[in-house]
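Take the sequence shown: its position 168, counted from the start at 1, is 168 in the UniProt record's numbering, and no numbers get skipped.
Let me begin by presenting the structure, written as structure tokens, before commenting on it.
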Amino acid sequence: MAQQVRGVVAPGKNEPVRVETVTVPDPGPGDAVVQVQACGVCHTDLHYKQGGINDDFPFLLGHEAAGVVESVGENVTEVEPGDFVILNWRAVCGQCRACSRGRPWYCFDTHNASRQMTLAGSGTPLSPALGIGAFAEKTLVAAGQCTKVDPEVSPAVAGLLGCGVMAGIGAAINTGAVGRGDTVAVIGCGGVGDAAIAGARLAGASRIIAVDIEDRKLALAESMGATHTVNSRTSDPVEAVRELTGGFGADVVIEAVGRPETYEQAFYARDLAGTVVLVGVPTPEMRLELPLLDVFGRGGSLKSSWYGDCLPSRDFPMLIDLHQQGRLDLAKFVTERVALDDVEEAFSRMEAGDVLRSVVVF
Ligand SMILES: [Zn+2]
Ligand SMILES: [Zn+2]
């Protein structure tokens with residue numbers, strides 16, 4: 001039987017979000033219905049609302065979520081009703097050219113639910129944000145989007161691994177391959193940048209330099225594990241990073257802003273043969289100009305990090321275990337817990353830079 005639940009819908013470009021009644025169908029083959037327990041408010045949800053992702057309005061927002069599997073469709077073997085899961089937006093196919101070469105974190109054909117959620121009444125199909133749509137009491141996803149983890153962890157904390165926190169930690173440990181003794185600089189200390197700092201610390205970096213234009217964000221970055229901070233409004237970040245690394249630059253520089261000027265800082269703040277990781281998401285009109293000779297002459301690698309190049313089945317349970325052991329404080333990323341009706345206000349606080357993460361708790 002299809003069910004009716006409350007969900008946060010973005011009706012049209014730049015229109016305020018509304019809590020609507022959403023029809024969640026029974027799970028089709030390979031699908032799962034998840035009772036959502038918590039869902040973080042991410043910049044990507046705001047980009048959907050602003051029309052910055054695509055025009056497939058209306059959207060059912062929310063994608064950084066954890067909850068309990070309520071029911072599954074035919075042919076589902078990964079999870080069963082009652083499992084506590086984190087939702088991921090890259091359920092790998094196992095068959096595309098990336099998967100078949102043993103690099104499933106690059107999967108080019110990720111799965112989503114086979115059926116559609118709709119607006120109750122009109123029956124208008126909803127586009128779930130990143131194929132999830134978890135600002136809703138229940139949501140329909142592909143079973144592969146459910147990653148089972150230790151049910152002892154708080155849902156508000158677990159859900160954040162589903163997107164921003166995983167993107168940042170993965171940028172450091174997967175894409176950047178930060179190793180013991182490496183020097184690391186992180187440019188931009190919002191949720192993703194702070195997660196990159198936590199990831200670099202986990203990986204054993206010797207020096208972690210946080211760069212931002214706001215002192216309050218730098219103070220928070222220190223609490224996440226930054227050993228040094230640079231305010232790039234008052235000092236040249238490239239010079240400062242070089243000074244803090246024996247005059248050379250950092251082994252790995254993580255750009256968590258997604259702008260040409262901060263990318264250029266990252267490019268020049270790294271040591272010869274070092275690595276730049278771009279995890280900040282640029283907008284379509286942005287252009288980068290660099291002397292090609294410097295790209296060649298400085299060597300090393302320039303990489304981009306998709307979702308922290310994570311493999312949810314491998315990385316989510318591992319990071320939850322580290323959290324449970326006290327080696328990775330994921331709870332620090334939860335600034336506040338809010339209700340489903342508070343998403344619009346949470347967007348304003350996020351835009352003002354007042355929160356790392358607001359989390360809707362059901
Ligand atoms: Zn694949
Ligand atoms: Zn997100």
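Cβ coordinates follow ideal geometry from the N, Cα and C atoms, glycine included.
Check	Outcome
Can you pull the DSSP bridge partners for R6?	T21
Please return the same chain residues whose Cβ sits closer than 6 Å to the Cβ of E255, not counting the five positions on each side in sequence.	I187, T262, Y263, A266, L278 and G280
Expressed to the nearest angstrom, what Euclidean distance is found between the alpha-carbon atoms of Q95 and R349?	42 Å
Taking the DSSP output, what are the residues bridged to C39?	A65 and V360
Whose CB is closer than 6 Å to a heavy atom of ligand 2? List the residues in chain order.	C42, T44, H63, E64, C163 and G164
Counting only the same chain and skipping the five closest in sequence on each side, list residues whose C-beta sits under 7 Å from that of R18.	V9 and P11
State buried or exposed for L272, treating a residue as buried only when at least 16 other CB atoms are found within 10 Å of its CB.	exposed
With hydrogens ignored, establish whether the beta-carbon of G94 is closer than 7 Å to any heavy atom of ligand 1.	yes
Report yes if the C-beta distance between V79 and A32 is below 8 Å; otherwise report no.	yes
Between the Cα of T183 and the Cα atoms of D251, G170 and G131, which residue gives the shortest distance?	D251
Below 8 Å on the Cβ atoms is my contact criterion, and I expect S223 with K332 to pass it. Report the Cβ-Cβ distance as a whole number of Å.	7 Å
Are three or more beta carbon pairs between the segment 238-248 and the segment 199-217 nearer than 8 Å?	yes
Please return the same chain residues whose Cβ sits closer than 7 Å to the Cβ of G297, not counting the five positions on each side in sequence.	none
So, W89 versus G62, is the Cβ gap smaller than 8 Å?	no
Is D215 a contact residue of ligand 1, with contact defined as CB to any heavy atom under 7 Å?	no
Under 8 Å, do A134 and S305 count as touching if we go by C-beta distance?	no
Looking at C107 and ligand 1, is the gap between the Cβ and the nearest heavy atom below 7 Å?	yes
In this structure, does DSSP put D271 in helix, strand or coil?	strand
Exposed or buried, D83, counting other C-beta atoms within 10 Å across all chains shown (16 or more means buried)?	buried
How many angstroms separate the CA atom of V253 from the CA atom of L302?	10 Å
In chain order, what residues of the same chain have a beta carbon less than 7 Å from the beta carbon of A198, not counting five sequence neighbours either side?	I169, M224, G225 and L328
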